[in-house]
Structures are given as C-alpha cells and as structure tokens.
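Take a look at the structure set out below.
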Amino acid sequence: METLIVERTAGVVTVTMNRPEKKNAANGAMFDELMATFIEVERNAEDRVLVLTGAGGAFCTGADLSDTEGPLDPSKPGMLRMRRLNDSAMALHRLSKPAIAKVEGLAVGAGLSLALGCDLVVASETARFSLIFARRGLSLDFGSSWLLPRLIGLAKAKELALFGDIIGADDALAMGLVNRVVPPGQLDAFVDDWAARLAAGPPLALAATKALLNGSLETSMAEALEDEGRCQAYNFTTEDTNEALAAFIAKREPKFTGR
192 METLIVERTA GVVTVTMNRP EKKNAANGAM FDELMATFIE VERNAEDRVL
242 VLTGAGGAFC TGADLSDTEG PLDPSKPGML RMRRLNDSAM ALHRLSKPAI
292 AKVEGLAVGA GLSLALGCDL VVASETARFS LIFARRGLSL DFGSSWLLPR
342 LIGLAKAKEL ALFGDIIGAD DALAMGLVNR VVPPGQLDAF VDDWAARLAA
392 GPPLALAATK ALLNGSLETS MAEALEDEGR CQAYNFTTED TNEALAAFIA
442 KREPKFTGR
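For any residue, its number in the numbering used here is found by taking its place in the sequence shown, counting from 1, and adding 191.
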C-alpha cells in the first residue's frame with residue numbers, strides 16, 4: 192500500500208499509518224486504504240484483532256489539509272469529499288473484531304477520532320491528544336461528535352471540542368479518553384500482550400459482546416436483556432462455547448476456532 196504497513200501475526204493485524212514526514216496526517220489515499228483494510232480484516236476469518244498505530248513517533252495528526260485529493264479536493268462537492276472520510280469511519284465502527292489503538296506522540300483531529308473509534312486505547316506517556324478542529328476553523332468529524340460524549344460525558348466533550356486544547360496522556364487517562372498509559376519502552380509489549388489475549392479469545396462471543404456494548408446507550412433495559420438473551424442462546428449452540436466448558440472441566444486453556 193502507499194500509506195499503510197499491514198502485518199499479520201497469529202491472528203493479530205497491525206496496521207501502521209506510514210507518512211512519518213507528515214506525522215501520519217491522512218491524505219485521500221490513506222483514508223481509502225484504511226477503509227479497505229478495515230473491510231478486509233472484517234471479512235478475513237483468520238484475523239482476530241486489529242492494532243492501529245503510527246510510524247515515526249506519532250499516531251496521526253488528522254486529515255492532511257494540504258492534499259488536494261483529500262478533504263479539500265476542489266473538483267468534488269464538499270459532502271462528497273466528506274463521505275470519503277465518513278466511509279472510513281464507518282468501516283472501523285462496523286468492525287466486529289476487537290481493535291486497539293496504540294498511541295505514541297500526537298493523536299490530533301481525525302487522528303484522535305481514529306483512536307477513539309477503536310475499542311481500546313493504550314497510550315505512551317509521551318502521547319498528546321487534541322480535538323484541534325475549532326482552532327482550524329472547523330467542526331468535529333470522523334465520528335468524534337458521536338464517540339466523545341459516550342466515552343467521557345457531554346461536559347468534558349464540549350471542553351475538549353470547543354477549546355481544542357492539547358492534553359497529555361495522564362489527563363487523557365483521568366478523563367477516560369484512554370484505557371492505559373505506559374512508559375514508552377513498554378508500549379509495544381503491553382499492546383502485544385493485550386492483542387494476543389484477545390486473539391486467543393472466542394471470536395463469536397467477543398463480537399457479540401462488542402455489539403451489545405456499542406448499542407447499549409440506544410436501547411432500554413428490556414431491549415438490552417432481549418439482545419443479551421439472543422446472543423447467549425446462540426453462543427450455547429457454538430463449538431467455541433462447548434470447547435470453553437470442556438476446557439474448564441479439564442482444567443486446560445480453551446482453543447477457540449470461531450465456530
């Protein structure tokens with residue numbers, strides 16, 4: 192690919208945004224390649240977990256506004272240009288498999304939205320975050336208006352979005368923007384461990400759990416219980432659940448196949 196490095200190891204797909212000279216700012220090609228990669232990971236049964244990260248000491252500094260074939264493409268209407276970004280955001284949101292954002296350095300604008308679109312965010316102590324849109328005369332995009340209030344509450348979401356301040360990793364952890372903050376030298380090992388644990392987990396049950404949690408703020412308690420019941424009833428028909436029960440009785444680790 193032109194802008195991404197995609198590596199696969201034992202069910203873990205590591206996607207590295209690779210424009211270090213631009214601090215991994217996403218041009219039009221990167222948005223297209225991200226969308227295609229997210230769709231490919233969803234369709235590939237051998238892919239169990241997605242890890243999204245950036246090259247050269249930065250995660251992603253948002254859309255590359257100097258790219259004339261990206262959000263500022265003068266040959267296309269505004270909404271058509273933005274749907275290109277939206278399609279990438281939806282491909283990540285629709286991914287049924289666990290996704291981890293491994294953040295080092297800057298995660299800014301749509302880059303922060305990309306990180307928040309993952310299920311888990313692990314940050315280096317050097318990471319810095321900003322919804323910088325307002326400081327560029329822009330409003331939120333790439334799903335951040337939907338993601339942020341659900342993660343940290345409406346008041347904190349407005350504070351980050353209206354001021355566009357840059358915050359450090361510890362502040363991001365305190366407000367619930369990230370899951371863990373680790374020293375720079377431990378970031379790879381920590382994410383590798385989480386990714387391996389998820390890759391060894393039951394794919395069908397993890398996908399159902401992710402879907403239930405993602406939909407939880409839009410359902411009533413009665414609807415949630417009904418959804419849980421349907422998922423659990425299905426789980427009991429799968430080979431993976433039978434394997435988990437057999438492994439528990441035999442006091443061994445289960446081996447899940449996604450069937």
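Using N, Cα and C, we set each Cβ at its ideal position, and we do this for glycine too.
Note that this is a predicted model, so its numbers are computed, not measured.
Next item on the list: Name the residue from Ala-306, Val-242, Ala-363, Ile-230 whose alpha carbon lies nearest to the alpha carbon of Glu-316.
Entry: Ala-363
Notebook entry, point to check: Using the beta-carbon count (16 or more within 10 Å), is Glu-295 buried or exposed?
Noted result: buried
Checklist line | Exposure label - Leu-378; buried when at least 16 CB within 10 Å | finding: buried
Check: Can you name, in chain order, every residue of its own chain whose Cβ lies under 6 Å from the Cβ of Thr-244, other than the five neighbours on each side?
Finding: Thr-207, Lys-293
Next item on the list: Using beta-carbon positions only, say whether Phe-320 and Leu-331 come within less than 8 Å of one another.
Entry: no
Check: Based on Cα-Cα distance, which residue from Thr-429, Leu-276, Asp-255 lies nearest to Arg-210?
Finding: Asp-255
Check: Among Glu-419, Leu-395, Ala-396, which residue has its Cα nearest to the Cα of Gly-406?
Finding: Glu-419
Note to self: Just list the residues that DSSP pairs Val-294 with in beta bridges.
What the structure shows: Ala-314
Next item on the list: Please go through the same chain and pick out, in chain order, the residues whose beta-carbon is closer than 6 Å to the beta-carbon of Ala-396, but skip the five residues on each side of it.
Entry: Asn-426
Notebook entry, point to check: What span of residues does the alpha helix (DSSP H) with Phe-333 cover, start to end?
Noted result: First-last for Phe-333: undefined, no H or E at that position.
Margin query: Tell me which residues share the same chain as Asp-384 and place their Cβ nearer than 7 Å to its Cβ, disregarding the 5 neighbours each side in the sequence.
Written below: none
Note to self: Could you check if Leu-305 belongs to the surroundings of the ligand FAD, using beta carbon to heavy atom distance under 7 Å?
What the structure shows: Looking for the ligand FAD in the displayed structure turns up nothing, as the structure carries no ligands at all.
Check: At what residues does the beta strand (DSSP E) containing Arg-421 begin and finish?
Finding: Premise fails: Arg-421 lies in the alpha helix (DSSP H), 412-426, not in any beta strand (DSSP E).
Notebook entry, point to check: Under a Cβ-count criterion, where at least 16 other Cβ atoms within 10 Å of its own Cβ denotes burial, should Ala-306 be classed as buried or exposed?
Noted result: buried
Checklist line | DSSP three-state assignment for Leu-339, whether helix, strand or coil | finding: helix
Next item on the list: Return the CA-CA distance between Val-404 and Ser-287, expressed in angstroms with no decimal places.
Entry: Correcting the residue type first, residue 404 is Leu in the shown sequence and not Val. Between Leu-404 and Ser-287, the C-alpha separation is close to 12 Å.
Next item on the list: Within 10 angstroms of the Cβ of Ala-201, are there 16 or more other Cβ atoms? Answer buried if so, exposed if not.
Entry: exposed
Next item on the list: Give the single residue among Leu-271, Val-372, Asp-356, Ala-282 whose Cα lies nearest to the Cα of Arg-234.
Entry: Ala-282
Next item on the list: Starting from the C-beta of Leu-195, find all residues in its chain whose C-beta is less than 8 Å away, skip the five residues before and the five after it, and write them out in chain order.
Entry: Val-206, Thr-207, Met-208, Asn-209, Met-221, Glu-224, Leu-225, Thr-228
Notebook entry, point to check: Which same chain residues, not among the five before or five after Asn-370, have their C-beta less than 7 Å away from its C-beta?
Noted result: Leu-311, Val-312, Val-313
Next item on the list: If I'm right that Ala-360 touches Ala-301 with Cβ under 8 Å, what's the distance once you round it to whole angstroms?
Entry: 19 Å between Cβ atoms; not a contact.
Notebook entry, point to check: Once you ignore the five residues that flank Cys-309 on each side, which residues in its own chain have a CB closer than 7 Å to its CB?
Noted result: Leu-243, Ala-290, Ile-291, Ala-292
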